[in-house]
Amino acid sequence: LNLQLKYQNLKDSIGNNPPTPDKDTLDFHSIFVIGKMQASLQGKDNAIRQLKKQLSKLQVTISDTERTVKVRTTDSQLTKVTDPVTNLQAQNDLFRAENDKVKQHYKELYDSIKITHAKHIEQVTKLTAKNVTLKTSVSKAKVQPPVLTRTKHVVDVEPIVLRLRNNRDAHLDYLRHLKESVETIRDIVEEAKVVKPLDRSIVSACRHTKHSQELLEYAIGTCSQGSQQRAKQLAHTLLIRK
Numbered sequence: 023l024n025l026q027l028k029y030q031n032l033k034d035s036i037g038n039n040p041p042t043p044d045k046d047t048l049d050f051h052s053i054f055v056i057g058k059m060q061a062s063l064q065g066k067d068n069a070i071r072q073l074k075k076q077l078s079k080l081q082v083t084i085s086d087t088e089r090t091v092k093v094r095t096t097d098s099q100l101t102k103v104t105d106p107v108t109n110l111q112a113q114n115d116l117f118r119a120e121n122d123k124v125k126q127h128y129k130e131l132y133d134s135i136k137i138t139h140a141k142h143i144e145q146v147t148k149l150t151a152k153n154v155t156l157k158t159s160v161s162k163a164k165v166q167p168p169v170l171t172r173t174k175h176v177v178d179v180e181p182i183v184l185r186l187r188n189n190r191d192a193h194l195d196y197l198r199h200l201k202e203s204v205e206t207i208r209d210i211v212e213e214a215k216v217v218k219p220l221d222r223s224i225v226s227a228c229r230h231t232k233h234s235q236e237l238l239e240y241a242i243g244t245c246s247q248g249s250q251q252r253a254k255q256l257a258h259t260l261l262i263r264k
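Here's what the structure looks like:
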């Protein structure tokens, strides 16, 4: 750089003071020195150019390096920011899945309650209709007393055949059959008494059927004893004859 400055000063002095043919003419040695200095300066200029090129390359390299460092720094920062975001996203996905499970559970529970409620309404409706029917039946039963049918209580009493009127066993069978008929009549009267407990004629009929039943029981017992005694006497007579 110092040589370049000297050369520049020499050029300026030569330009400002042009040589004269009389006294300012340079000798050969001075010209050689100047040429040598010019060559040296030319070499230095080349070196300077090379240095500038290397400097430009270094600047480009430094710029690329800085850019790479910035990119790496940015990537590192992005990585630091991305990791928490990824964790938050994973937690959000877990919460969302758990929320979906809870929603499904409550939906199933609501559907079950809805079905049970519909069944209960149906049962209550049926019971209400049945209750109305029972009330109607009870009302009709109070207003319309039950009618005694002949098929429920059959009274079948036929007189003794003429050829068996003197037969004690036939009379005993007749009395037993008559007793059953009286019991049937008494059942009919008892049912009528339940419907009309204050009816005097029904109360009187109930009392008479009871007395008739007691009388028939006494007659059957008496006939049975007579038949037994007669059977004993007959057996004793046969035994004596033998």
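Numbering (my numbering), first residue to last: 23 to 264. For glycine and all other residues, C-beta sits at the position ideal for the given N, C-alpha and C.
CB contact check: residue i to chain C, cutoff 8 Å
i	result
Leu-197	Chain labels in this structure do not include chain C; a single protein chain is all it has.
Check whether residue i and residue j have beta carbons under 8 Å apart
i	j	result
Val-204	Thr-244	no
Lys-201	Glu-236	no
Leu-194	Ile-224	no
Residue i - DSSP class collapsed to helix/strand/coil
i	result
Pro-106	helix
Asp-46	The pLDDT assigned to Asp-46 is 46, lower than 50, so where the model puts this residue is not dependable; a value taken from the coordinates is nonetheless given after this. It is coil, neither helix nor strand.
Asp-86	helix
Lys-218	coil
Lys-174	The predicted position of Lys-174 is uncertain, since its pLDDT is 46 and thus under 50; a value taken from the coordinates is nonetheless stated next. If DSSP states are grouped into helix, strand and coil, Lys-174 belongs with coil.
Thr-244	helix
Own chain partners of residue i with C-beta closer than 6 Å, once the 5 adjacent residues on each side are dropped
i	result
Arg-222	none
Leu-116	none
Expected contact under 8 Å - CB spacing of residue i and residue j to nearest Å
i	j	result
Ala-227	Val-211	5 Å
Close beta carbons around residue i, own chain, < 8 Å, minus the five adjacent residues each side
i	result
Thr-90	none
Arg-118	none
Gln-166	A caution first: Gln-166 carries a pLDDT of 48, below 50, which makes its placement in the model too unreliable to give a value.
beta-carbon residue i near the ligand FMN non-hydrogen atom, thresh 7 Å
i	result
Ile-84	In the structure on display, the ligand FMN does not appear, and there are no ligands present to speak of.
Sequence-distant residues of its chain with Cβ nearer than 7 Å to residue i (five each side left out)
i	result
Ser-234	Val-204
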